[in-house]
Each structure stands twice: as structure tokens, then as C-alpha cells.
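Residue numbers (this note's numbering): 91 to 617.
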């Protein structure tokens, strides 16, 4: 099964995720992007790395300049960063600075970032050891723009090459090979060019012993330099102009879907996405004009590209309205974006970086019938309000929460309904609605109806535990919700439970509290 996971930083400094599977359902973000925690600079870039098809590690530079990480493992479960539990792994860098993460094998990760002093720093992790940066990130030298993006590429499992654009607009490189020290400790090597200081350098390695670099110049044209084992950098003799007219220094995304090809993507001054490609034995297509593939996005916004197969490319970008959009290409077909990029939800900082992870899901995905819960709400004669609520939860984490209340009396009431679904080991997912119904003395409606739909990765990842767990609901009218949560959690017998509230919010003062209604999750049908 193919899977794509997307990550983006929200307006609230929280990291959000959406996912797609093939075969399977459409993008989960249609029902709401999943909150996986964190309190970071608004729109900060998220570094993503996969050291194994069923592992994803994320990294962000925080408001305090420290680097934080969260991870998801092959055994499923919640993201480690859920409930704002991202782990601090040290450092003192520019807030929100881009981090580059790379993995040379299943058991290691290397991180790189440019500090406030313009030096490049690294921290590493090996299976069985902790992060080296906890004892201080290692200085690899250099004098570059503070927080400038560092690009890392591994052209084989025994080496790492770094690239950065300096204060003078030249591109510099440092490298490491197993058994040797970082070359940058003795000075980073200048490999030419005259570009916007700190512009992002994109690197791609189509196969071992080969690296290509791409960057957008001061004149808005895209330039390339390359290196082959046994030869020197072509850029020393001048970087090659491969056309285009784009925002100066705009990030160029490069993708090698096969060893004999490279595809480039960039957002133009007109907000359209453009592409150029190269195949072994042919020239760059952009020399005859970069191809526009549609869209209307912030000029120069970063485009994220992924390839699940040699014959497929998926693109992602955050639009002017803060929604994430996608376009795709299949061999033998043209780009879907010609007919309009597909919106896949979200409400994020315009043009924010979207990070994409491809993986082949090796574990058996959640399956089976949805959980269907029903509640009839009856009160005594003192409060003439009643109604019902339904909650349907699917194995992929999507849910529908609906209900209806009616006031048949004289007074008006604020209505509150809380439904908690939990696992036996103390993880609780909360669904809540609040509204109001009006009595005879009011001209407003006697009825309150709600429909809430969403998606939560925690439910998906803990599906078997959720399916075997317990649930409890409570209806309240003019009630203090702080009291409601405590009482309902106690009714569920969750001491110190981790409550993941995924629908609703509110407060108020109480006049009436209904009875608690605990129960087990049914195998199917309604409770």
C-alpha cells in the first residue's frame, strides 16, 4: 500500500498532518488536519526524514532557538509530540531556522543548521545512543548568513555533502566520509556562482558518485552545477543557465524519479507553478521555456514534490488562502493542475512550506466496521430539554458527530454535550458540542442541531485499542464544562488520563446536569 504523509506548521505554531493511502480513502485533511502538537514559530519549516519505511522523524527549530523532535514508529500509536510533548534536543539557533535532516541508513540520522554566528552546526543520532546535541551541537565552521538553509545529500551510505549560499553569493561545500573529519573544519570550499546571499541550494543525487545542484539567481533564472566522481565541480567554470524568469532566489524543488532523469519545480512571479525536466541523452526542457502547470499561489512559494513510483509525481503547495493544494502526474498523462489544483483543506500561513513523506506501508492498515454510538437524552420535568446524539468513528480516524436538542418549555438554555471514547490504558478522545435552545419567551429557534466531521491520527493509530475501549456521554444545560470534564473522566475511571479533545470548545455556568452514561464500545451497530 502506498502512503503519503504531509506536514505543515500552523498559524498557532502547532504542527499539523494529513495523509493519503492508495488504495483507500481520499486525503484525511478534507475532514480536518490532525494536530500533532508543538508550540513553534508560525509557519516555521519542518524537516522530515525516514530512516525506515515505517518510521518518520520530524524536526523544528523553536521560539527559544532549541531544536525539537517528534517521531512516529512502525508499531503505530500516537505521534510522540502529541499533547505538545516534542522533545528538546538542544542548540541555540535563530528561531524557526530551517533544519536539514538526512539518513544514510536505518539506524542513523544527521541534522544540520546555520547558527546565529553564521557557522554550520550538526547533531547526530545512532540506534542505541541518544542525540549528540544534548551535549552541545558540533560546530562545522563557515561564515554564512545567520539561519541560511543548509542542504545535505548522501550520494552513498558512507558520505555526506553539504551546500550553502554565502554572504558573497557564492556556493560553498563541505563533506564527510567515514573515517575522516569534516572538510569544513579547515574551510568550506567555494564552488562558484553569484546568487542571492542565503538562497536555498537544491541538491539531488541520481546515483552513487554523482551530485547536481540547482539554484535561482539574482536575475530570476535557474542555474545548475554538477559533480561526478573523478571530476571537479562544473560550477568552477561557471554555473549553467537553464532558463526561466522567477522571483530572485526562489526555492527550486528537484526530484529524481529514476536514475536517468531530474524534474524541477518552482513558483513564478505570476503564482503559477513551472517545471523543467532533463533525461539522460537530452537537454533541459526549460532552455526552450519552462512549462506552466497551473495554480495561483504566492510568488516564489516553496513547492514540495514526491514520487511514489518512477511513473508518478505528486506536488503540494500552500495557497494564498492558507489551504494546501495538490497536482499530480502519471506517465502517459499530463499534469492534473491544468484543470485546477485540488484543494485538500487546512488553514495555514499563506505560502508555508509543506513537507511530504512517501512510504510503503508494511503493517496491516486498520480495518473493520466503524464504531456507532447513539445517545437518547431525556431530562426530568424541571428542565424541558431533550434530544439525541450519534457518534460514528471509522478505522482510518475519520468521524461524524451529530445531534439534536429541543426546548419544549418557557426558559432558554445553553446546551452542552460531551462524549468521551477511551482505551483501557488511559488515552481518551473527546467530542463536544455547545449551543443554545430557546423557549416560549424567545423568538429564536427551539432547536439546536449540529454536525461535526473530522479526522484524528491518534484514533487511526490506536484503532484496535479504541475499538475495545469504553465510552461515556453527558448532556448539560448551563453547566460549567470544567466540572463536566472532571466528572466524566472519573466516571470512566481514568486517573491521570491523557485527554485528546478533537471536537468543540466552551464554558458556562450550571443549572442542570444529566446522569452519566458509561459503557463499553459495541462490536457494531448502536449502543
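Here a beta-carbon is modelled for each residue, glycine too, at the ideal position from N, C-alpha and C.
Going by the beta-carbon positions, is the gap between residue 151 and residue 119 smaller than 9 Å?
-> no
Please work out which residues of its chain come closer than 6 Å, Cβ to Cβ, to residue 256, disregarding the five sequence neighbours upstream and downstream, and give them in chain order.
-> 234 and 262
Element boundaries [beta strand (DSSP E), containing residue 194] = 190-195
Using 10 angstroms around the beta-carbon of residue 500, count the other beta-carbons present and answer buried if the total reaches 16, otherwise exposed.
-> exposed
Roughly how many angstroms lie between the CA atoms of residue 512 and residue 565, to the nearest whole one?
-> 18 Å
When 291, 253, 321 and 115 are compared against residue 273, the one with the closest alpha-carbon | 253
Three CB pairs or more closer than 8 Å across the stretch 130-145 and the stretch 424-431 | no
Residues in its own chain within less than 6 Å of residue 482 by CB, not counting five upstream and five downstream?
-> 460, 462 and 490
Please determine, among 147, 176, 391 and 154, the residue with the shortest C-alpha to C-alpha distance to residue 163.
-> 147
Report yes if the CB atom of residue 243 is closer than 9 Å to the CB atom of residue 295, and no otherwise.
-> yes
Is the stretch 320-333 in contact with the stretch 372-380, if contact means three or more CB pairs nearer than 8 Å?
-> yes
Do residue 395 and residue 357 come within 9 Å of each other at the CB atom, strictly closer than that value?
-> no
Determine, using beta-carbon pairs with one atom in the stretch 315-327 and one in the stretch 341-355, whether at least three such pairs fall under 8 Å.
-> no
Where residue 587 falls: helix, strand or coil (DSSP) = Residue placement at residue 587 cannot be trusted, given a pLDDT of 45 that sits under 50; what the coordinates show is reported in the next sentence. Residue state, collapsed to three classes: coil.
Candidates 431, 316 and 195: which alpha carbon is nearest residue 300's?
-> 316
Start-end ranges of the alpha helix (DSSP H) lying completely within the stretch 482-528, minimum 4 residues = none
Could you spell out the range, first to last residue, of the alpha helix (DSSP H) harbouring residue 554?
-> 553-557
If you draw a straight line from the alpha carbon of residue 68 to that of residue 207, how long is it in whole angstroms?
-> Within the shown structure, residues of the chain are numbered from 91 to 617, placing residue 68 beyond reach of any answer.
On a CA-only basis, which of 397, 443 and 404 is nearest residue 410? Give me that one, please.
-> 443
As assigned by DSSP and simplified to three states, the class of residue 448 | strand
For residue 177, does the three-state DSSP call read helix, strand or coil?
-> strand
Is residue 396 near the ligand ADP, with its Cβ less than 8 Å from a heavy atom?
-> Summarising the ligand content, the structure contains no ligands, and the ligand ADP is consequently not present.
Pick helix, strand or coil for residue 376, following the three-state DSSP scheme.
-> helix
Under the three-state DSSP convention, the category residue 118 falls into = helix
Specify, as a first and last residue, the run of the beta strand (DSSP E) that residue 138 falls within.
-> 137-142
Simplified DSSP state of residue 440, which is helix, strand or coil | coil
Give the straight-line distance between the Cα atoms of residue 527 and residue 236, rounded to the nearest whole angstrom.
-> 57 Å
Do residue 292 and residue 343 come within 9 Å of each other at the CB atom, strictly closer than that value?
-> yes
Start and end of the beta strand (DSSP E) containing residue 537?
-> 537-545
With DSSP collapsed to three states, give me the class of residue 366.
-> strand
Can residue 124 and residue 545 be called in contact, C-beta distance under 9 Å?
-> yes
Three-state secondary structure assigned by DSSP to residue 276 = helix
Rounded Cβ spacing between residue 412 and residue 373 (contact assumed at less than 8 Å) = In fact, because the Cβ distance is near 38 Å, the residues do not count as touching under 8 Å.
On the three-state DSSP scale, how would you describe residue 382?
-> strand
Nonlocal neighbours in the same chain, by C-beta distance under 7 Å from residue 175, ignoring five residues either side = 127
Same chain only: Cβ atoms within 6 Å of residue 259, ignoring 5 sequence neighbours per side | 284, 285 and 287
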